[in-house]
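If you're matching positions, the sequence shown starts at 1 in the numbering used here and goes up one per residue. The structure under discussion appears below in the form of structure tokens.
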Amino acid sequence: MAALAGGGGAASAGGSAACGSATRATIATADATVTTAIDRNERWGTGVAFDFAQVSGATDLLSAVAADDRAATLTAVSRIVYHPVWHIVRLRALDAAGRILADVGGPYVIAPVPGVLRSDGRVIGSFVMSVQDDTGVTRLESLFVGNPVGIYLGGKLVAERGGDLPTSRPGGSAVSRGGVAYHVVARTYPAFPTGTLTEVMLVAPPAASLTAQTCAAVRAGEFGRVAERLARLTPGLTQNYHGYATSAHIYTGAEFFVRDGARQLASSSGAGPAVIPTSGTVSYLGRHWLVFSFETHPMTRVYVLIAPA
1 MAALAGGGGA
11 ASAGGSAACG
21 SATRATIATA
31 DATVTTAIDR
41 NERWGTGVAF
51 DFAQVSGATD
61 LLSAVAADDR
71 AATLTAVSRI
81 VYHPVWHIVR
91 LRALDAAGRI
101 LADVGGPYVI
111 APVPGVLRSD
121 GRVIGSFVMS
131 VQDDTGVTRL
141 ESLFVGNPVG
151 IYLGGKLVAE
161 RGGDLPTSRP
171 GGSAVSRGGV
181 AYHVVARTYP
191 AFPTGTLTEV
201 MLVAPPAASL
211 TAQTCAAVRA
221 GEFGRVAERL
231 ARLTPGLTQN
241 YHGYATSAHI
251 YTGAEFFVRD
261 GARQLASSSG
271 AGPAVIPTSG
281 TVSYLGRHWL
291 VFSFETHPMT
301 RVYVLIAPA
């Protein structure tokens, strides 16, 4: 059972007025925070750092680029992209003059990560890699947030998940699909290897009950909803609370504490408050936080602490 920061808790942290007509925009802003974190993690996450090291330290790639051997470079790049363990969806290798020696991977790729190739301390070339394609990132966002989402390149839809998005990028702030009037959230991200693409997320009208809550409570509830989705997606959650708390913090910015009664099982931020209510607010690290919580197992509860906007 989930408990939402609402009523007096939200009032003490962010005013007592009902969110009303600002409810959907508040939800959309919270959801956009999550999708932006997904993009950031696909470029700078720990898994990306590992893959980056495999490319920059690949001896066969370095030897091929140093020799300006296109065939050998293509073989090395293909080995890296199609490796059964590493998750690199596209890799482009260039010589020291910036000429492309090999480019392997899918056509629609997001989150490019550039790097330099060195041999004996000398720059011999460069590369651009990515660990995620457009289809993959829409799948993540649909799973984490649940909104229909699509990616547009040059104004044309190249990947989508969760809904029948228009084939051409919506130009306004609203679009009607299946008789539902959605709010459009558009974000611009780097495309591979250069340029930009536009991600469009559709936010449905909120439940009437949400409009009566404060905007702070609406925001906390939305991050809490995402936290619950992430919990359901975590393999072997009861054996991996530490991994869940760390990952959920990355994507929401909230602080997470998993407790079995008074015993703490995992956290994203140290020991945490001595006592956390199931909803409302709590004081921690010199500030007030809104609280969302839910049970994952009898007696085991996840506490999500959201800083007021």
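Using N, Cα and C, we set each Cβ at its ideal position, and we do this for glycine too.
Asked: Residues in its own chain within less than 8 Å of residue 271 by CB, not counting five upstream and five downstream?; Found: 264
Asked: If residue 184 sits next to residue 170, beta carbons under 8 Å apart, how far is it from one beta carbon to the other, in whole angstroms?; Found: 5 Å
Asked: DSSP has residue 129 in a bridge; who is on the other side?; Found: 91, 113
Asked: If you run the structure through DSSP and keep just helix, strand and coil, what is residue 276?; Found: coil
Asked: What are the boundary residues of the beta strand (DSSP E) that includes residue 260?; Found: 255-260
Asked: Using DSSP with H/G/I as helix, E/B as strand and the rest coil, what is residue 9?; Found: Only weak support exists for where residue 9 lies, its pLDDT of 36 falling under 50; the value from the coordinates is given anyway. Note: residue 9 maps to helix in three-state DSSP.
Asked: Rank 100, 95, 109 by C-alpha distance to the C-alpha of residue 89 and give the top, closest one.; Found: 109
Asked: According to the Cβ coordinates, are residue 193 and residue 79 closer than 8 Å?; Found: no
Asked: Counting along the chain, where does the alpha helix (DSSP H) carrying residue 25 start and finish?; Found: 23-44
Asked: Helix, strand or coil for residue 214, going by three-state DSSP, please let me know.; Found: coil
Asked: Measuring CB atoms only, is the segment 124-138 touching the segment 61-77, in the sense that at least three cross pairs come out at less than 8 Å?; Found: yes
Asked: Going by DSSP, what residue range makes up the beta strand (DSSP E) through residue 103?; Found: 100-105
Asked: What residue does the beta strand (DSSP E) around residue 152 start on, and which one ends it?; Found: 149-153
Asked: Between which residues of its own chain and residue 246 is the CB-CB distance below 7 Å, once the five residues before and five after are set aside?; Found: 268
Asked: For residue 286 and residue 273, what's the separation of their Cα atoms in angstroms?; Found: 11 Å
Asked: Measuring only the C-alpha atoms, how far is residue 212 from residue 218?; Found: 9 Å
Asked: Rounded C-beta distance between residue 129 and residue 50? I'm assuming under 8 Å.; Found: Incorrect: roughly 12 Å between the Cβ atoms, too far for contact.
Asked: Do residue 188 and residue 161 have their CB atoms nearer than 8 Å?; Found: no
Asked: With H, G and I counted as helix, E and B as strand and the rest as coil, what does DSSP make of residue 82?; Found: coil
Asked: Do residue 140 and residue 177 have their CB atoms nearer than 8 Å?; Found: no
Asked: Relative to the alpha-carbon of residue 25, which residue among 104, 214, 294, 228 has its alpha-carbon at the smallest distance?; Found: 214
Asked: Keeping to the same chain, check which residues put their C-beta closer than 6 Å to that of residue 255; ignore five residues upstream and five downstream.; Found: 268, 269, 305
Asked: Note down the Cα distance separating residue 260 from residue 196, rounded to an integer number of angstroms.; Found: 46 Å
Asked: Suppose you measure from the CA of residue 295 to the CA of residue 282; what does that come to, to the nearest Å?; Found: 18 Å
Asked: For residue 101, I'd like the list of residues in its chain whose CB is within less than 7 Å of its CB, leaving aside the five on either flank, ordered along the chain.; Found: 65, 70, 73, 93, 94, 95
Asked: Just verifying my parser: in three-state terms, what is the DSSP assignment at residue 14?; Found: Low confidence applies to residue 14: its pLDDT is 48, below 50, so where it sits in the model is not reliable, and the reading given next is rough at best. The answer is helix: DSSP assigns residue 14 an H, G or I state.
Asked: Let me know if residue 210 comes out buried or exposed under the rule of 16 or more other beta-carbons within 10 Å of its beta-carbon.; Found: buried
Asked: Classify residue 59: buried if its beta carbon has 16 or more other beta carbons within 10 angstroms, exposed otherwise.; Found: exposed
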